[in-house]
Amino acid sequence: MADYSARTDKSVLDRYMELSPGMQGKCQVMYVWLDGSGEDMRCKTKTLDFVPKSITEIPEWNYDGSSTYQAEGSNSDMYLRPAAMFDDPFRRGDNKLVLCEVYKYDQRPAETNHRKSCNEIMDRAKDSEPWFGIEQEYTLLAQDGHPFGWPKMGYPGPQGPYYCGVGANKVYGRDIVEAHYRACLYAGVKIAGTNAEVMPAQWEFQVGPCLGISMGDHLWMARFILQRVAEDFGVVVTFDPKPMEGDWNGAGCHTNYSTNAMRDDGGIQHIKAAIDKLSKKHWDHIRMYDPKEGGDNARRLTGKHETSSIHDFSSGIANRGASIRIPRQCGEDGKGYMEDRRPSSNCDPYRVTEAIVRTTVLDDWNM
Ligand code: ADP
Ligand code: MN
Ligand code: MN
Ligand code: MN
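Now the structure itself:
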């Protein structure tokens with residue numbers, strides 16, 4: 002709880018942020034990337050003498066990989082290759098946030114750069130126009146690691162009244178949710194909605210539908226913006242898939258998915274065929290669905306709390322206890338999309354979307 006000593010007065014900061022129109026033609030670009038944990042993000046800023054109009058105008062950059070669990074000190078330069086550009090909701094004006102891929106000194110992708118292969122797979126599958134929509138669940142914590150708003154001694158009342166709840170005794174931390182929603186819209190992140198979750202202090206936002214590689218790009222930037230907003234409020238975000246042991250829901254990253262054939266009339270046949278393929282690759286997918294290759298998700302996918310057991314593959318219409326759910330409306334329409342409920346809240350969406358397309362479109366697991 003050493004935390005509060007690091008708090009500053011944001012209204013004082015605003016005096017300086019108002020200087021924005023007088024930047025003498027310069028532009029601040031915040032480069033954002035994934036560190037060696039595969040979960041945490043890093044960022045640093047570069048001044049440009051011009052306002053970039055597209056990602057191709059953003060220069061490559063580098064950083065010290067020995068300080069991000071990515072390289073030895075003796076050979077530590079890592080390269081940042083700009084991949085996706087967004088407007089900066091924090092600095093506003095012409096300033097940008099740029100999501101980057103990380104490469105090593107020898108031009109091979111860093112171990113946690115799963116975007117490169119995802120991009121190649123999405124390119125090979127582009128004729129089937131894969132769309133994704135991800136439901137990102139997360140939990141707010143106080144800086145002491147205790148769930149935000151929970152009593153310091155004991156627990157809140159049992160789950161039931163909190164999901165989509167309203168009221169000071171039902172939801173904790175809505176300011177962060179609202180600020181994050183607006184910041185994503187400002188940035189150009191394709192955020193689709195938000196809701197309060199089953200466990201108090203747990204929330205969800207949805208991103209999508211996004212075509213191919215843009216799913217991972219938009220979700221990672223949405224996560225970055227969430228961390229950055231929560232930092233302003235002095236609140237911690239965790240993407241741990243089971244932050245509280247016991248009778249409390251975990252956190253997932255339900256991945257909704259369709260191809261053009263699934264969205265067309267009679268598409269349910271294509272949805273069922275894809276589910277059949279997925280059923281034969283359950284463990285290959287589980288390994289792609291959290292950073293510990295099943296280790297994190299094992300705490301969450303217990304078969305309780307609206308999850309399927311990690312040990313079984315199952316599917317069903319409107320079944321929230323299955324690995325794959327077909328939404329009821331899609332069952333009725335005979336077309337639409339499916340929901341893979343297995344990915345963990347701390348999954349890498351590049352790995353998840355790549356795995357789904359490899360299995361259901363390309364029939365190719367040669368990594
Ligand atoms: P749930 O009922 O599981 O809570 P949500 O409403 O939270 O579902 O999320 C549904 C997600 O599905 C949204 O992110 C939306 O963008 C996405 N989605 C909707 N239609 C499609 C589609 N045809 N293909 C892929 N994703 C889709
Ligand atoms: Mn949802
Ligand atoms: Mn949910
Ligand atoms: Mn869902």
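The working numbering puts the last residue of the sequence shown at 368; the count rises by one with no breaks.
Note that the Cβ used here is the ideal one computed from N, Cα and C, for glycine as well.
Return the residue from the list Thr9, Tyr156, Glu61 and Val33 that minimises the CA-CA distance to Arg224. Taking the sequence shown and counting its residues from 1, the one referred to as residue 224 is at position 223. Looking at the Cα atoms, Val33 is the closest of the given residues.
May I ask which residues mark the beginning and end of the beta strand (DSSP E) holding Glu232? What you label residue 232 is simply residue 231 of the sequence shown in a count that begins at 1. Not the beta strand (DSSP E): Glu232 falls in the alpha helix (DSSP H), residues Ser215 to Phe234.
Please work out which residues of its chain come closer than 6 Å, Cβ to Cβ, to Asp341, disregarding the five sequence neighbours upstream and downstream, and give them in chain order. Residue numbering aside, residue 341 sits at position 340 when the sequence shown is read from its first letter. Thr256 and Ile325.
With H, G and I counted as helix, E and B as strand and the rest as coil, what does DSSP make of Pro350? As a working note, residue 350 is residue 349 in the sequence shown. Correct three-state label for Pro350: helix.
With DSSP as the reference, label Tyr258 as helix, strand or coil. Looking up residue 258 in the sequence shown gives position 257. Three-state result, Tyr258: strand.
Distance check for Ile214 and Asp359, CA to CA, integer angstroms please. In the sequence shown, the residue the question calls residue 359 occupies position 358. In the sequence shown, the residue the question calls residue 214 occupies position 213. One point to set straight first is that residue 359 is Arg, not Asp, in the sequence displayed. Going by the C-alpha atoms only, they are around 13 Å apart.
From this set, Asp266, Arg301, Ser316 and Pro344, which residue's C-alpha is nearest His286's C-alpha? As a working mapping, residue 286 is identified with position 285 in the sequence shown. The option with the nearest alpha carbon to His286 is Pro344.
Could you check whether the Cβ of Glu138 sits closer than 8 Å to any heavy atom belonging to ligand 3? One-based indexing of the sequence shown puts residue 138 at position 137. Flag set: Cβ of Glu138 near ligand 3.
Applying the 10 Å Cβ sphere with the 16-neighbour rule, what's the burial state of Ala319? Within the sequence shown, numbered from 1, the residue matching residue 319 stands at position 318. So Ala319 ends up on the exposed side.
Exposure label - Leu20; buried when at least 16 CB within 10 Å: What you label residue 20 is simply residue 19 of the sequence shown in a count that begins at 1. It is exposed - the Cβ of Leu20 has fewer than 16 other Cβ atoms within 10 Å.
Can the beta-carbon of Ala126 be found closer than 9 Å to that of Val353? In the sequence shown, counting from the first residue as 1, residue 126 sits at position 125. In the sequence shown, counting from the first residue as 1, residue 353 sits at position 352. The answer is no: Cβ separation not under 9 Å.
Between Met216 and Pro350, is the Cβ-Cβ spacing less than 9 Å? Looking up residue 216 in the sequence shown gives position 215. Looking up residue 350 in the sequence shown gives position 349. Yes, Cβ-Cβ distance for Met216 and Pro350 is below 9 Å.
Taking only the alpha-carbon atoms, compute the straight-line gap between Gly317 and Gly332 and give it to the nearest angstrom. As a position in the sequence shown, residue 317 is number 316, starting the count at 1. As a position in the sequence shown, residue 332 is number 331, starting the count at 1. Their Cα atoms are separated by approximately 10 Å.
From what residue to what residue does the alpha helix (DSSP H) around Asn120 run? As a first step, residue 120 is located in the sequence shown; it is residue number 119 there, counting from the start. From DSSP, the alpha helix (DSSP H) with Asn120 extends over Arg116 to Arg125.
Under a Cβ-count criterion, where at least 16 other Cβ atoms within 10 Å of its own Cβ denotes burial, should Met368 be classed as buried or exposed? As a position in the sequence shown, residue 368 is number 367, starting the count at 1. Counting Cβ neighbours within 10 Å, Met368 comes out exposed, since fewer than 16 surround it.
Can you round the beta-carbon distance between Ala184 and Ile226 to whole angstroms, since I take them to be within the 8 Å contact cut? Walking along the sequence shown from the start, residue 184 turns up at place 183. Walking along the sequence shown from the start, residue 226 turns up at place 225. Between Ile226 and Ala184 the Cβ distance is about 5 Å, and since that is below 8 Å, they are a contact.
For Leu98, which beta-bridge partners are listed by DSSP? One-based indexing of the sequence shown puts residue 98 at position 97. Answer by DSSP bridge pairing, in chain order: Met31 and Phe87.
Hey, Glu136 and Glu205 are a contact pair by Cβ (cut 8 Å); roughly how many whole angstroms apart? For this step, residue 136 is matched to residue 135 along the sequence shown. For this step, residue 205 is matched to residue 204 along the sequence shown. Correct: roughly 6 Å between the Cβ atoms.
In terms of residues, what are the limits of the alpha helix (DSSP H) holding Ile276? Residue numbering aside, residue 276 sits at position 275 when the sequence shown is read from its first letter. From DSSP, the alpha helix (DSSP H) with Ile276 extends over Ile269 to Ser280.
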